[in-house]
Amino acid sequence: MTAAVFATQSDADAFSAAVDARLGYPKPGIDVGGGKHVPPPQSITARYGDVQKHPTLALWAYPSDPVVTAAAVALPIGAVVQPLDATWAPSVAQTGQAVIG
Amino acid sequence: MGCSNVTRAAVGSRTASRSLVSSWDRPAIVGRLPLCMPGVVLALFGDMGISLNGANASAWGDQSVAANSLAQATGAKQPPLLTGQNIRPMLRFSLASSQALTKAGVNLFGAGAYTVLGLWANRAPAATAAHFANGSDAANSGLFIGAFGGNRTVIHQGIVAHTDAAVPAGTVEVWCARRVAASLPTLQINGVDAALTAGSAVLTDPGLVTLSIGAYGSTNVNPADLDVYEVYAFNRDLSDLERARITAFSRNRAALV
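Now the structure itself:
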């Protein structure tokens, strides 16, 4: 998985919020297929992606996929998009604004 | 209960119209066998009760009276609903995206008897797993359908393991896991007893856990490339005849017979 890795949770949360704003989340569910559906509040899609905390380090990641890339949200200074391996360690120090993807 | 919906008017209209509209266009509760059977605590149909976010499912409504509906509030983790000519409506879960539908705080069976039946296809290579579990691990799931370990099929968390690499990926099967209280569960695939491997154990009551399909519990680990058409769970050990009837029902719906 490719993800944008952040050094602070607030940066990751801010990025997540920016993606959601760009994509129009939260969105209500549209019921199809007849039968019994969940009450409307339970079918709301609250966000596009989840911020993930590194199991031990002070790092937070937001998954990058074609949808997020297409949203073209500017990353905060210091965030890096990279394959998310076991270490998560940003391998390149980002020096300026970047666009995910 | 679903059977109570069979009214004279409904039957009459079905007879009179004779339309060629598919069940997907106008699905009916009528004839949904699992809803007519005592002890049903979960009944998910791919052509009913689905709420969409675009083309992806944000919720899957339980058609049983137990109201154990599942949902996913994160868009990237929602499985697409696939429909179309010659395709039974189903949810296609993605391993790469850790897609899952879940409901927290569920205890479907406690330590008692159960029967779980599912119609699904494992799209992963034979060496990877698709399985379900009645979790003995409170941190994980009460009923889980997903991928695990090196076996093609596994019922996980100390219940039943089954290894069979002979079935090609994408083969649609009816699985049935069942047990009587305080005994080892057993597994049938398409109505035929499936061999068990080591690791089987008698479950204790898992308490309130997360019901999940696609990935494991609330943490979205062990995701699966899995097509799920329908799932039924009963809080009792169904008889041989009952299991055979539901298996035939599911196979008929999937045009496997």
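Line order of the protein sequences matches chains P and R. For the first sequence, the numbering used here gives the first residue as 1, with consecutive numbering after it. For the second sequence, the numbering used here gives the first residue as 1001, with consecutive numbering after it. We put the beta carbon where it would ideally sit given N, CA and C, even for glycine.
The beta-bridge partner set that DSSP reports for R/Tyr1232 consists of R/Ala1043, R/Leu1117.
A Cβ-Cβ contact shorter than 9 Å links R/Ala1059 with R/Gly1049. Excluding five sequence positions before and after P/Lys27, the CB atoms of its chain that fall closer than 6 Å to its own CB belong to Thr45, given in chain order. Contact check for R/Val1231 against R/Leu1119 passes: the beta carbons are separated by less than 9 Å. When the five nearest sequence neighbours on each side are left out, the beta carbons in the same chain lying within less than 7 Å of the beta carbon of R/Ser1097 are those of Ala1076, Lys1077, in order along the chain. Annotation for R/Arg1092: the continuous beta strand (DSSP E) segment containing it runs 1087 to 1093.
Contact between R/Cys1036 and R/Thr1115 does not hold, since their C-beta atoms are separated by about 15 Å, which reaches or exceeds 8 Å. When the Cα atoms are used, R/Ala1255 and R/Glu1173 turn out to be separated by approximately 11 Å. Contact between R/Ser1064 and P/Asp31 does not hold, since the beta-carbon distance rounds to 18 Å and is not under 8 Å.
Taking C-beta atoms as the reference points, R/Leu1044 and R/Leu1108 fail to come closer than 9 Å. DSSP lists no bridge partner for P/Ile77. Under the DSSP assignment, R/Leu1033 falls outside any beta strand (DSSP E); it carries neither an H nor an E label. A buried status is given to R/Ala1113, since no fewer than 16 other beta-carbon atoms sit within 10 Å of its beta-carbon.
For R/Leu1052, the neighbours in chain P by C-beta distance under 7 Å run, in chain order, Gly29, Ile30, Val32. For R/Leu1052, no alpha helix (DSSP H) encloses it; the enclosing beta strand (DSSP E) starts and ends at 1050 to 1053. Collapsing the DSSP output to three states places P/Gln9 in a helix. Annotated three-state conformation of P/Val38 is coil, per DSSP. Restricting attention to R/Pro1080, R/Leu1187, R/Val1228, the CA atom closest to the CA of R/Asp1237 is found in R/Leu1187. Proximity to P/Gln42 across R/Ile1087, R/Leu1208, R/Gly1061 peaks at R/Gly1061, based on C-alpha coordinates.
CA-to-CA, the gap between R/Ser1094 and R/Asn1053 works out to about 16 Å. Look at R/Leu1208 here: in three-state DSSP terms it is coil, with no helix or strand label. Under the Cβ distance rule, R/Gly1075 counts among the residues neighbouring chain P, one pair being separated by less than 9 Å. Note that the C-beta distance between R/Leu1226 and R/Arg1123 is below 9 Å.
Secondary-structure assignment with DSSP links R/Glu1173 through a beta bridge to R/Trp1120. With respect to the 9 Å criterion, P/Arg47 and P/Ser16 are classified as neighbours on the basis of their beta carbons. Membership of R/Leu1187 in any alpha helix (DSSP H) is not indicated; the residue belongs instead to the beta strand (DSSP E) covering 1186 to 1189. Within the model, the alpha-carbon separation for R/Val1209 versus R/Val1106 is close to 5 Å.
Cβ neighbours of R/Phe1234 within its own chain (closer than 6 Å, five residues either side excluded): Gly1039, Val1040, Thr1115. Looking only at P/Pro83, P/Ala74, P/Val81, the smallest Cα-Cα distance to P/Asp20 is reached by P/Ala74. Judged by DSSP in its simplified three-state form, R/Thr1102 adopts strand.
Straight-line spacing of the CA atoms in P/Gly49 and R/Gly1207 works out to 29 Å. Assigned with DSSP and collapsed to three states, R/Asp1240 falls in helix.
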